[in-house]
Amino acid sequence: MSEKLYSVSVEVNGVRRTGQVTARTSLVDWLREDQRLTGTHIGCEHGICGACSVMLDGDPVRSCLMYAVQADGHKVTTVEGLANPDGSLSVLQDSFCEAHGLQCGYCTPGMLIAAQALLNQNRQPSEEQIRDAIGGNLCRCTGYQQIVDAVQLAAKRLAGAR
Amino acid sequence: MKSPPFEYVRARSVDEACELLSSHGEGAKLIAGGQSLVPMLAFRLLRPSWLIDVNEIAALKFVDPQPDTVRIGAGTRQCVLAKNDVIARRLPLMRQALAWVGHVQTRNRGTVGGSLVHADPSAELPLAALVLGARMKLRGKTSGQRMVAADQFFSGPMMTAIRPDECLDEIHWPVWQDARIGSAFLEVSRRHGDFAIVGAAAQVAVDESGRCTRVAFGIGGAGPAPLAFPKLAGRLVGTGLEADAVQSAVHDAAAELEPGTDTHATAAYRRHLARVLAARVLRSAYETARGRA
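This is the structure:
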């Protein structure tokens, strides 16, 4: 017996993307498998690690904890949507390189989404606010300090650019 | 870690959600924020035949301050409540509880009603609801509308008084009118945002001389459901929450608990935490009420 398919239409990184999904297809599986946007990583698949974080209508959420069919009619931003229009790295992404905010890179897309969502709402976050914002994202390499440094560096650069 | 197959439908109103629950039978489940339900499906702890999505029901999302209560729509997201001025001013205990709920990403999806009906024994919002005496407005196609008080609502781990065909519509949170009130919420978990090993919540009102006129406190994570202690709290009315009185109350409270042992903590440690945290939240709430915190 084949599973029933549902139509979805989601604005992903400013582009309308449509498809047919089973109800149980998670948003992250749809993004990676059907839309080939493999920047978003799958870690634990049960809402613990934060690697699959994307923005839903501007707010960071775990894309393994919602079904693609639930995103129908909404806007999603993935890590691919953070870079500048010419493909060069955003200030935050470049700051992660500069401050060694990653080693293996597995958590990075989720960290970038969480940190960008913070910077979108708070231009000058304190260290505590940064740690709170990335508190739902696990990193097994950096010990988090360089990630905090990277977000602080990005905030400083963004403030200087204005 | 993939969910088992199910069919999906978006409900456009609470009536429609109730209708769908009724017509699809016991295999149907409502999905709100999904922050607990989706992992349960991923682990195959649940195999619903239908998921009825209530996320798009605008009528379930509101904060409506009344003279002595705040009505909150069950579908209101935790992140919205955490930033809401009415909640901060009139339900400080709820705001304090929300600071311990999950992480940014889960609060952006998780709803107040979802947390209450999920009824994890260590969850913060059920404990706050119990301590404040919140009342749940339930709706079902056959049972109609009924109100259930928090102390009748939570019956065990992930178990509530809600019937299979019912939907939690809104929650009425009592607001204390006393001039001087204070509240506090504390928990111990391995990392902030993890499930609490034990949590405690308290709210007190004091008169001009510093005597308690009302006291409420409760403990979560140390038994099959959160527990409040109205009789023990009543004993503290008229006191200035002196150390002896507090120690006696929290000792008796801990004796009523039925904590379990698991990989995170032993029953004895949970009981110990319950005593320590309950004493701390009572003290902290009192200091706030007296304007000294």
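In order, the protein sequence lines correspond to chains A and B. Take 1 as the starting number for the first sequence in the working numbering and just add one per residue. Take 163 as the starting number for the second sequence in the working numbering and just add one per residue. Where is the CB? At the ideal position from N, CA and C, for every residue including glycine.
Our two residues, E349/B and I381/B, have alpha carbons roughly 9 Å apart in a direct line. Contact annotation for T268/B against chain A: G47, V61, R62, L65 and G136 [CB-CB distance below 9 Å, chain order].
Between C52/A and V91/A a beta carbon distance of about 23 Å is seen, past the 8 Å cut, so the two are scored as non-contacting. Per DSSP, reduced to three states, the secondary structure at L5/A is strand.
Ranked by how close their Cα comes to the Cα of V216/B, the residues P229/B, R206/B, L192/B and L203/B have L192/B in first place.
Taking a C-beta cut-off of 8 Å against chain B, the contacting residues of the region 3-24 of chain A are E3, K4, Y6, T22, A23 and R24, listed in chain order.
In this structure, DSSP gives K164/B a state outside helix and strand, which the three-state scheme calls coil. Among the CB atoms of chain B, one or more fall inside 9 Å of the CB of V69/A.
Listed by position along chain A, the residues whose Cβ is nearer than 8 Å to that of Q365/B form an empty set, because the closest Cβ is around 25 Å away. Using beta-carbon distances, C44/A counts as an interface residue toward chain B, with a partner under 9 Å. Of all residues in the region 123-134 of chain A, only D132 and A133 place a beta-carbon less than 8 Å from a beta-carbon of chain B. Its Cα nearest to that of D149/A, the residue L112/A stands out among L112/A, Q121/A and E80/A. The continuous stretches of alpha helix (DSSP H) do not include G50/A, and DSSP gives it neither H nor E. Here R257/B is not near V176/B, since their CB atoms are 9 Å or more apart. For I130/A, the enclosing alpha helix (DSSP H) covers residues E127 to A133. For A114/A, the neighbours in chain B by C-beta distance under 8 Å run, in chain order, V266 and Q267.
Rounded to the nearest angstrom, the gap between the Cα atoms of R17/A and K303/B is 37 Å.
For a Cβ distance threshold of 7 Å, residue set Q267 of chain B lies close to G50/A, ordered along the chain.
Scanning its chain for C-beta atoms nearer than 6 Å, with the 5 sequence neighbours on each side dropped, one finds around A427/B the residues I359, in chain order. Look at R62/A here: in three-state DSSP terms it is strand.
Setting aside the 5 residues that flank it on each side, D57/A is surrounded in the same chain by H74 and K75, each with a C-beta closer than 7 Å to its C-beta; the list follows chain order. The C-beta of R257/B comes no closer than 9 Å to any C-beta of chain A. Q339/B has its alpha-carbon roughly 37 Å from the corresponding atom of V61/A.
Residue pairing by DSSP puts D215/B in a beta bridge opposite R172/B and I193/B.
Here D406/B is exposed. Its C-beta has fewer than 16 other C-beta atoms within 10 Å. Judged by DSSP in its simplified three-state form, C329/B adopts strand. Within chain A, the residues whose beta carbon sits less than 7 Å from that of G355/B are G135 and G136, listed in sequence order. Taken atom to atom, the span from the alpha-carbon of P254/B to that of A447/B is near 10 Å. At a cut-off of 9 Å between beta-carbon atoms, A117/A makes contact with chain B.
For K164/B, the neighbours in chain A by C-beta distance under 7 Å run, in chain order, R24. Contact annotation: G237/B and L260/B have beta-carbon atoms that are not nearer than 9 Å. DSSP, read as helix, strand or coil, puts C44/A in coil. Each residue's CA atom was taken as its position, placing E188/B and C104/A some 45 Å apart. R353/B is classed as exposed because its beta carbon has fewer than 16 other beta carbons within 10 Å across all chains shown.
Taken atom to atom, the span from the alpha-carbon of P229/B to that of W212/B is near 40 Å.
Setting aside the 5 residues that flank it on each side, A346/B is surrounded in the same chain by A364, V443, S446 and A447, each with a C-beta closer than 6 Å to its C-beta; the list follows chain order.
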